[in-house]
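Report on one structure; see the data block that follows.
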Amino acid sequence: MARRMDYSARYPYPAERVYAALRDPAHWEARMVEMRKYSQNHLESFEVSDSGISLVLHHILPRSELPEIAQAVMKKDMVITRKESYSAFDGRATGRYEASVPAGPGSLTGTMELFAGDDGCTLRTTSEAKVHLPFVGGKLEELMLQNLVDLFRTEAEITADWLARR
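Structure representation (structure tokens):
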């Protein structure tokens, strides 16, 4: 059974300004620099076109830093490949992501929506975690989603800080 979670990052900026940051390679490089304080991270590909944005990131988590329940399943460092895409901006934007782990026992997918609010804008992410392991699957799904909230919160803080400096 899959588990779902919503996370909303609120910014005191117009949605078009946040979208412009998502289109800017300097923003993504700043994000990677900050995220490297926690683990190895890099941006593998980044493309911007009239139809939107697409990118691929890698997060590498040392096995020794994984919770015991995850270490029981993962015998090597966890390499997470995250693919994201966003539509063109027309007052709002939508997107999708998927994260994969080679030989991982499940999947992590989600949708994003960037839209205007009263005092800025919101980037809402809805995620779904599925782990296909009896007995521990539900616990791993919860763990994945809890860690995802921390990741999204950190990324939102980096984006807000990046925008504040411009």
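When you number the sequence shown by the numbering used here, it's gap-free, plus one each residue, and the end is 168. The beta-carbon is built from N, C-alpha and C at its ideal position, and this holds for glycine as well. Predicted model only: the values in this text are computed from it and were never measured.
- With respect to the C-alpha of A166, the residue from H29, I55, D8, A118 having the closest C-alpha is H29.
- Bounds of any alpha helix (DSSP H) do not take in H134, whose DSSP letter is neither H nor E.
- Nearest to S47 by alpha-carbon distance, out of V35, Y40, K39, H60, is H60.
- G112 and E100 have their C-alpha atoms spaced approximately 6 Å apart.
- Minimum Cα-Cα distance from S56 among the listed residues R25, R94, E31 corresponds to R25.
- Taking a 10 Å sphere around the C-beta of A90, we find fewer than 16 other C-beta atoms and assign the residue as exposed.
- The shortest CA-to-CA distance from A74 to any of A11, P107, Y9, A22 is the one to P107.
- Counting the other Cβ atoms within 10 Å of the Cβ of G97 gives 16 or more, which makes it buried.
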